[in-house]
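Structure first, commentary second.
Numbering (the working numbering), first residue to last: 612 to 1015.
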């Protein structure tokens, strides 16, 4: 038997100074490797690869929950290698039956991803973000799984739940055993606003900004799409309340049919997209963004837990967001990308804003269409005829799928 290799990746768990080597990709050379990693101080990123051949609906016998060829596993330890506090399993593919991700100390059964990881691309960048109260798993910036440590499952066949879930949130995890991950890579991303020093770009830039965990690139020159707003955008005749039609349907080609999208020049719109929805910790509001060719370039996602913009923004939700809801938990809010700034507003009040730079700014400056994913008929958005052009399947009642 080959002895496990131990990588020493020590950060603020043992020192007040962040270790810059933590931000470098480390190759996992065997199928079991032990790594010293302060999970409270860093977000753990994993670079994995989609298998060339896989089965999303394998026979479930001995492999009842997962196909080992696609499985990744982490055993979390606190203080020493004999003190296991958590077991995490997730997969490089999305299974038809939803056996995708599981935290043993919190979930009575496997949970399903929201979508196929990385949209089916070969390379996948996963991020495990452990906070005091919750944990989230993203792939290429899209949220695939969340768990609040006070909301673990209760199941008589799994004694210790949900107490073990809360204990995992309180544990000072400082070492991890990685299994079934040979050939994959890991690295740490500093939390909060701790800076990571990156090499200067080879090509000249028009603007250089500090890099944080929200944005990873420096700014480069980019051309923007031209606005086609009408003369009187504030006239109420131009505005109509539409349902947030779900694009994740066969009729909409699972968010690929442009007839299920709305044309809107987000990079130059002062008001952006205005939505009225119910905000909770577990349910995400999802806006899919497309470029002029109709290709998906990312998603904006928001809940009471956080705000995400695929690959570029990942932060906790502002307290004011919760306070602004009505008694039923509903809120009318606006999302905009004007001049490369991600901005969430309620009325005239700005709840959140983050300037994009570099590749992030260039990428989202091309956002000229949007659609809603997995949002119920109870939610609505303001269809501004002066700025927007709806596809044929975007109607006030979602082509009959939502009763008026």
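Using N, Cα and C, we set each Cβ at its ideal position, and we do this for glycine too.
Asked	Found
Local Cβ density within 10 Å of residue 747, reported as buried at 16 or more and exposed below that	buried
CB of residue 970 within 8 Å of CB of residue 954, strictly	no
Beta-carbon proximity list for residue 650, same chain, < 6 Å, skipping 5 on both sides	741 and 784
Residue interval of the alpha helix (DSSP H) (run including residue 1013)	Residue 1013 -> no alpha helix (DSSP H), and no H or E assigned at all.
Residue from 919, 800 and 684 whose Cα sits closest to the Cα of residue 700	684
Bridge partner(s) assigned by DSSP for residue 654	800
For residue 677, three-class secondary structure by DSSP	Unreliable placement is indicated for residue 677, whose pLDDT of 45 sits below 50; the coordinate value is still reported in the next sentence. Coil, per DSSP.
Whole alpha helix (DSSP H) elements within the stretch 936-965, 4-residue minimum	none
Test item: CB-CB of residue 892 and residue 914 under 8 Å	yes
Where the beta strand (DSSP E) through residue 758 begins and ends	753-759
Same chain, Cβ closer than 7 Å to residue 638, neighbours up to 5 away in sequence not counted	796
Neighbourhood of residue 733 by C-beta, 7 Å cutoff - its chain only, sequence neighbours within 5 removed	660 and 661
7 Å CB neighbourhood of residue 682 in its chain, flanking five on each side removed	700, 702 and 791
Residue of 780, 930, 943 and 919 minimising C-alpha distance to residue 688	780
Where residue 693 falls, given that 16 or more other Cβ within 10 Å makes a residue buried	exposed
contact_flag[the stretch 874-883, the stretch 974-991] where n(CB pairs < 8 Å) is 3 or more	yes
Residue from 798, 712, 711 and 997 with nearest C-alpha to residue 648	798
Residue nearest to residue 937 in terms of C-alpha spacing, selected from 756, 890, 956 and 862	890
Sequence-distant residues of its chain with Cβ nearer than 7 Å to residue 765 (five each side left out)	772 and 773
Terminal residues of the alpha helix (DSSP H) in which residue 781 lies	774-781
Own chain residues within Cβ distance below 8 Å of residue 705, not counting five before or after	667, 711, 723, 724, 726, 727 and 728
Reduced DSSP secondary structure (H/G/I, E/B, other) of residue 730	helix
Residue 933 in three-state terms, based on DSSP	helix
Burial state of residue 972 (16 or more Cβ within 10 Å)	buried
Beta-carbon proximity check, residue 769 vs residue 719, cutoff 8 Å	yes
Start and end residues, alpha helix (DSSP H) containing residue 975	969-975
Buried versus exposed, by CB contacts within 10 Å (16 or more), residue 1008	exposed
Option nearest residue 960 by Cα separation, candidates 951, 987, 950 and 931	931
Opening and closing residue of the beta strand (DSSP E) in which residue 888 lies	884-889
Nonlocal neighbours in the same chain, by C-beta distance under 6 Å from residue 943, ignoring five residues either side	887
6 Å Cβ shell around residue 750 - same chain, five flanking residues per side excluded	728, 729, 735 and 737
Classification of residue 934 by the beta-carbon crowding that lies within 10 angstroms, buried from 16 upward	exposed
Inter-residue spacing [alpha-carbon to alpha-carbon] between residue 985 and residue 899	10 Å
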